[in-house]
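In our numbering, the protein residues as written are 82 to 1026.
Where is the CB? At the ideal position from N, CA and C, for every residue including glycine.
Some notes on the structure that comes next.
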Amino acid sequence: MSVSPGLEFDMILKKFKTKLSAKELEDFKETTLTDVQNTIVRIQKDQEQLKRAINLTRLRPFLEAFDHFGKTIEIFLNASPLVAAVWGPMKFMLMAASNYTEDFDILLEAYEDIGDHIPFLQTYKNLFQDPDEAMKRVLALIYADIIEFHSKAIRYFSGKVWPRVFRALWRDFKTRFEQILRSLGRHKELIRQQAEIMSMQLQKADSQRLSASINMQMETGDKLRELLRVYLEDRERTLNEAKHQATLEREKKHTDLIEWFSTPPGSFSDQDGFSEVRQQSGVDGSWVLKDEKVRNWIETDPPTCSLLWMNGKPGAGKTVLASVIVEQCLKHPTYKTAWFYCKESDPMRNSRTGVFRGLLGQLLCHCQDLLPYCHEKRINSIEPTLFSPSLIEQLLKLFLEKIPHVFLVIDGIDECETLERKAILTFLTNMVEISDASSPGKLRILFVSQEYKDIERFLRAASIVALTSDHNRSDIEEYVRHKADVLESDRDLCSSQTEEICKTVNARADGMFLYAKLVMENLLAQATLRDLNHEVDEYFPRGLEDAFERILERIKKTHPKTWTLINKLLGWMICVKRPLRWNEIQALVSIDLAKSEIQFDDKKLRSSLQDLCGSLITVLPDGRGLELVHNTAKLYLARSGFVQIEAAECELTTLCLRYLVFPCFERDLDEDTVRSHMDSGQFAFQDYACAKWFHHLRTVVTNGYDTVLNSTVFEELSDALEDFINEFDLAQDSIDDAARRTCSKFERAPFYDYLVYVCNHLLQHEGKGAAEKNKVSIAELGIALARSRKMIEGTGPGPDDLSEFYGDKRYKCPKLTCFYFHEGFDNESTRNQHINRHDRPFVCTAAVCNVQEFGFTSNKDLEKHMKLYHPNTEQLADTFQTAMKPSGPRNLTCDHCPKTFTRGFHKRNHMRTHFGERPFACEECGKAFTRANDCKRHEKIHARR
């Protein structure tokens, strides 16, 4: 059932008001045309005083047309609040933009266009006096389009950062704006047509009898209603199609940005994982939310301090407590929350760029308004993935300024290198300082770490929650009780034994949740009641290191035949240069050096790594890999001697080198042979080995030649180096002195010359520049890698039988240092677009362009394309001959000093210096300038970064 025009107007207005703040509602509610006209007069006077030549008469068509619109709808409803919803935003935007010449000109042009597309209703006033309400619905459609423009446009002039992002947002809005203009044009044409029909009816009525005239009017009214029904259906279909297309474009831009940000995977899954850990352990950690300083930081407005630092000893459960606080922050009705869990062993998660890119990916979801601006940054950047620290910080600063209220939680900042955490702390504490100066508590940041002196220097002014054994005592007791109940049920323990275990664990935990977890899981893993009693009576751990030792002793006892392999696995997990996925671990353990192939069927693990290594191992969410349960486990394994780190590093280096000379990488293999190798999983370890073999070799070189190590380790490395050199012909007569200096620690080693050859090759490769460093250094190996990848891609995306070897994301980036070299994509199209960002980084910025996704290899080619296919007004003007101006001297004198000028624009620029006016603002940082050229010169500084 259709609604009346009056109700339709009310619905449009009500929907618009829901998008306004309380202050905007108050400011706009009684604004009139007179208020807008007075504002225009004030702006005109200011412009004249500054000698600006801005034609404000361009606003006249809109002012007159909408004024008549208001008078027309007054016939059948109260128009005051309806027109105020347009005059108010218009006044606000004119005032906001008037100090920014280019932005003001864009706004004036928009109103000029709208004015040209609104029908001059005074001409058609008789059309809307008819009792039939069909044409009044057309007025409601006109009003809806005008309101939509203002509801969108007002956001582009709101907030402190709008001058920096306005042009990017407006360019993104241009498509929808043109649709609004076309819609208004259709309304205008419909009104014109109906006015002509009415005029013809009146002429016929004069020559016909009254009854025939009435019948004709009724018949015409039915036709009008049918025409309007079809018109509305067509409009609805057009709007839905446009909305759907806009949604697809925004989703694609969002996906492109997440890829460009190269956001470290796992932010959301990590948070979900920690929540699941709390549920499974029977511990909720809610006590931390009752802490006075934490409550003040979350709930009080403004808080005592916007910075909060929670510190404690290793294994105290700080990360789980951080997840509790994140969960609580997410419930806050007005604040947006972003978080990051740092990890020492993951290069994507232990650096400034990793942390900031992780935050950017989440903040983008919270602030879609900045999507067009960030997408333009991506297009204009020559970086295939966002890497420039200055650009990352610029974008993060913009988000933190744009979003009204933000919680940030950074856990494990102590796991970042000293210089990296210094950069993180410097930037974020500075952002809090800037934010607090204008709006205390707008940006609130929680850091979670151990109590390091360098961190303390940055957070002296922060509220500090120093965790002690008293803080999490109840959580530890609750966890131990939960596990003890399981133990009592599974092992038929009497209650007194269970109570004794609980008492002992709680007493020795000393605030270390990790200790309680390791001990209880070790007890639960005992095979028999006798083993359990023996463990409790004889070997109950006194501290964290004892707990690690008991777990290792149990594993050694439980799996005596596989202990050597488990020992190697633990060593490898310490030494790997990125977390290994399960299929890569299976490939690594299945390498058969004697047969020079991966023997999955015979050698792959039939038990999970967690079954073998117990609580020392944790599985990362989303299949991202496996890692040690805690950094303290790595420290203990290295210090205790259970794992020889140098030996494990040598073994990994040897395995990588030997693997890369397997027959599956030989030249001139036919397609059937390559396919056979693929089907048997021979390429399962190629992504890691090709990208990381030289990193492992460098670590071995840095560690030096330790004769204490098992001589077999170095003998195997020597054989691997010899085979590698012979296979790829790396022995050279000319050796750089730098290679010998690099390998100086191995001068006494029998394989010194082999090592020098390989290091010499690496130094030569690195000297070829950044582009070559992104390629596999050995050409034959690069060709073999491309060949096998092409074969794997030909199988299509997973899951299927090959997922066991290659996972589901099989479309990989060929650039060695790129995250997507090993991460991969779901489809070929997305991968190819990503590669174009590497190879053709200069991208057309036009809203619609067929070559946009391909890009150009140089900026010169891009400029040529832009001038040819997307010329701006100035470039079009260059194609016409300019009329000759009369020559001769011109003396234009300043109105405030004796200085003279020969050109008017020089005089206008000079006049601004008298008034201190800076109308040209940098899009990046907001810095304002008196002259446009000064602003453009400044913006080039950002572009070069």
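Is the distance from the Cβ of Val657 to the Cβ of Cys731 below 8 Å? Translated into positions along the sequence shown, residue 657 becomes position 576. Translated into positions along the sequence shown, residue 731 becomes position 650. No Cβ-Cβ contact shorter than 8 Å links Val657 with Cys731.
Considering only residues of the same chain and omitting the five flanking positions on each side of Leu897, which have a CB-CB separation below 8 Å? For the purposes of this step, residue 897 is taken as residue 816 along the sequence shown, with counting starting at 1. If you ignore the 5 residues before and after Leu897, its C-beta comes within less than 8 Å of the C-beta of Cys771, Ala772, Lys854, Asn855, Lys856 and Val857, all in its own chain and listed in chain order.
Taking DSSP's pairing of strands, which residues face Trp663 in a bridge? Counted from its first residue, the sequence shown places residue 663 at position 582. Answer is none; Trp663 lacks a bridge partner.
CB Glu426 to CB Glu708, shorter than 8 Å? Here the question's residue 426 lines up with position 345 in the sequence shown. Here the question's residue 708 lines up with position 627 in the sequence shown. With the sequence shown as reference, residue 426 is identified as Ser, and Glu is not the correct amino acid for it. It is a contact, given that the beta carbons lie within the stated cut-off.
Output the distance between the C-alpha atoms of Leu445 and Ile156, rounded to the nearest integer angstrom. On the sequence shown, position 364 is the one that residue 445 refers to. On the sequence shown, position 75 is the one that residue 156 refers to. Their backbone Cα atoms lie some 47 Å apart in a straight line.
Distance check for Thr735 and Asp691, CA to CA, integer angstroms please. If you number the sequence shown from 1, residue 691 lands on position 610. If you number the sequence shown from 1, residue 735 lands on position 654. Per the sequence presented here, residue 691 reads as Gln, with Asp not at that position. If you take the alpha carbons of Gln691 and Thr735, they lie about 26 Å apart.
Quick one: what's Val700 bridged to in DSSP? Taking the first residue of the sequence shown as 1, we reach residue 700 at position 619. Residue pairing from DSSP places Val700 in a beta bridge opposite Leu707.
The beta strand (DSSP E) spanning Arg525 covers which residue range? For this step, residue 525 is matched to residue 444 along the sequence shown. If you look at Arg525, you'll find it in the beta strand (DSSP E) that goes Leu524 to Ser530.
Could you name the residues that DSSP lists as bridge partners for Asn392? If you number the sequence shown from 1, residue 392 lands on position 311. Under DSSP, Asn392 shares a beta bridge with Ser530 and Ala547.
Rounded to the nearest angstrom, what separates Lys988 and Asp1015 at their Cα positions? In the sequence shown, the residue the question calls residue 988 occupies position 907. In the sequence shown, the residue the question calls residue 1015 occupies position 934. Rounded to whole angstroms, Lys988 to Asp1015 spans 16 Å at the Cα level.
Report the start-end ranges of each alpha helix (DSSP H) in the region 707 to 792 that is 4 residues or longer and not cut off at the edges. Listed in chain order, the complete alpha helix (DSSP H) runs (minimum 4 residues) inside the region 707 to 792 are 712 to 721, 726 to 740, 752 to 760 and 767 to 784.
Can you give me the Cβ contacts of Asp907 inside the same chain, cut-off strictly under 8 Å, excluding the 5 residues immediately before and after it? As a working note, residue 907 is residue 826 in the sequence shown. Within the same chain, Pro878, Asp889, Lys890 and Tyr892 come within 8 Å of Asp907 by CB-CB distance, once the 5 residues on both sides are set aside.
Boundaries of the beta strand (DSSP E) in which Ile491 is found, first to last residue: As a first step, residue 491 is located in the sequence shown; it is residue number 410 there, counting from the start. First-last of the beta strand (DSSP E) with Ile491: Val487 to Asp492.
Determine the DSSP secondary structure at Ile672, reduced to helix, strand or coil. In the sequence shown, counting from the first residue as 1, residue 672 sits at position 591. DSSP places Ile672 in strand when its eight states are reduced to three.
Buried or exposed, going by whether 16 or more other CB atoms sit within 10 Å of the CB of Glu909? Along the sequence shown, one-based indexing puts residue 909 at 828. Glu909 comes out exposed.
What does DSSP give as the partner residues of Trp420 in its beta bridges? Translated into the one-based positions of the sequence shown, residue 420 becomes position 339. DSSP, once it has assigned bridges, lists Val490 as partnering Trp420.
Tell me whether the region 235 to 245 and the region 168 to 184 touch, counting them as touching only if at least three CB pairs, one residue from each stretch, are closer than 8 Å. Verdict: yes, contact present.
Cβ contact check for the region 798 to 817 and the region 865 to 878: 3 or more pairs under 8 Å: No, the region 798 to 817 is not in contact with the region 865 to 878.
Rounded to whole angstroms, what's the CA-CA distance from Leu957 to Arg139? Just pull it up for me. As a position in the sequence shown, residue 957 is number 876, starting the count at 1. As a position in the sequence shown, residue 139 is number 58, starting the count at 1. Note that Leu957 scores a pLDDT of 49, beneath 50, so its modelled location is shaky; the value from the coordinates is reported in the next line. Between Leu957 and Arg139, the C-alpha separation is close to 23 Å.
Could you compute how far the alpha carbon of Ile505 sits from the alpha carbon of Ala820? The count along the sequence shown starts at 1 and reaches residue 505 at position 424. The count along the sequence shown starts at 1 and reaches residue 820 at position 739. Between the C-alpha atoms of Ile505 and Ala820 there is a straight-line separation of about 35 Å.
Among the residues of its own chain, which have a CB less than 7 Å from the CB of Pro142, if the five just before and after it don't count? Your numbering for residue 142 matches position 61 in the sequence shown. Here Pro142 has Glu193, Gly196 and Asp197 as same chain residues with Cβ atoms under 7 Å from its own Cβ, once five neighbours each way along the sequence are excluded.
Quick one, which of Gln767, Trp168 and Val837 has its alpha-carbon nearest Leu144's? Residue 144 sits at position 63 when you count from the first residue of the sequence shown. For Leu144, the nearest C-alpha among the options comes from Trp168.
Are Trp774 and Cys824 closer than 8 Å when you measure CB to CB? Residue 774 sits at position 693 when you count from the first residue of the sequence shown. Residue 824 sits at position 743 when you count from the first residue of the sequence shown. Between Trp774 and Cys824, the C-beta spacing is not below 8 Å.
With DSSP run on the structure shown, which of helix, strand or coil describes Phe97? Translated into the one-based positions of the sequence shown, residue 97 becomes position 16. The answer is helix: DSSP assigns Phe97 an H, G or I state.
Through-space distance from His846 to His335, alpha-carbon basis: To locate residue 335, count along the sequence shown from 1; it is residue 254. To locate residue 846, count along the sequence shown from 1; it is residue 765. Rounded to whole angstroms, His335 to His846 spans 36 Å at the Cα level.
Paired residues, beta bridge with Leu444 - DSSP: Residue 444 sits at position 363 when you count from the first residue of the sequence shown. For Leu444, which the question treats as bridged, DSSP gives no partner whatsoever.
In chain order, what residues of the same chain lie with their CB nearer than 7 Å to the CB of Tyr786, ignoring the 5 residues before and after it? Within the sequence shown, the letter at position 705 stands for residue 786. Cβ within range, chain order: Lys826, Phe827, Arg829 and Ala830.
Exposure label - Tyr533; buried when at least 16 CB within 10 Å: On the sequence shown, position 452 is the one that residue 533 refers to. Burial call: exposed.
Buried or exposed, going by whether 16 or more other CB atoms sit within 10 Å of the CB of Glu380? Position 299 of the sequence shown, counting from 1, holds the residue named residue 380. With fewer than 16 other Cβ atoms within 10 Å, it is exposed.
Proximal residues to Ser264 (C-beta, below 6 Å), its chain only, five neighbours per side dropped: Start at 1 with the first residue of the sequence shown, and residue 264 comes out as number 183. Cβ neighbours of Ser264 beyond the five flanking positions: Asp226.
With a threshold of 6 Å on Cβ separation, who are the neighbours of Tyr838 within its own chain once the five nearest residues in sequence on each side are excluded? Counting from 1 along the sequence shown, the entry for residue 838 is found at position 757. Here the set comprises Ile806, Leu811 and Ala812.
Decide if Phe961 is buried, meaning its Cβ has at least 16 other Cβ atoms within 10 Å, or exposed. Residue mapping note: residue 961 aligns to position 880 of the sequence shown, counting from 1. Interpretation of Phe961 is limited by its pLDDT of 45, a score under 50 that renders its predicted location unreliable; no figure is taken from the coordinates.
Check this for me: beta carbons of Pro395 and Thr713, under 8 Å apart or not? Numbered from 1 along the sequence shown, position 314 holds the residue referred to as residue 395. Numbered from 1 along the sequence shown, position 632 holds the residue referred to as residue 713. Taking the C-beta atoms as reference points, Thr713 is found nearer than 8 Å to Pro395.
As a quick exercise: from Asp556, Met601 and Glu665, pick the residue whose alpha carbon is nearest that of Ser367. Translated into the one-based positions of the sequence shown, residue 367 becomes position 286. The option with the nearest alpha carbon to Ser367 is Asp556.
With a threshold of 16 other CB atoms inside 10 Å of the CB of Asn136, please say whether the residue is buried or exposed. For the purposes of this step, residue 136 is taken as residue 55 along the sequence shown, with counting starting at 1. It counts as exposed.
Name the DSSP beta bridge partners of Glu678, please? On the sequence shown, residue 678 is found 597 positions in, with the first residue counted as 1. According to DSSP, which records beta bridges pairwise, Glu678 is partnered with Asp673.
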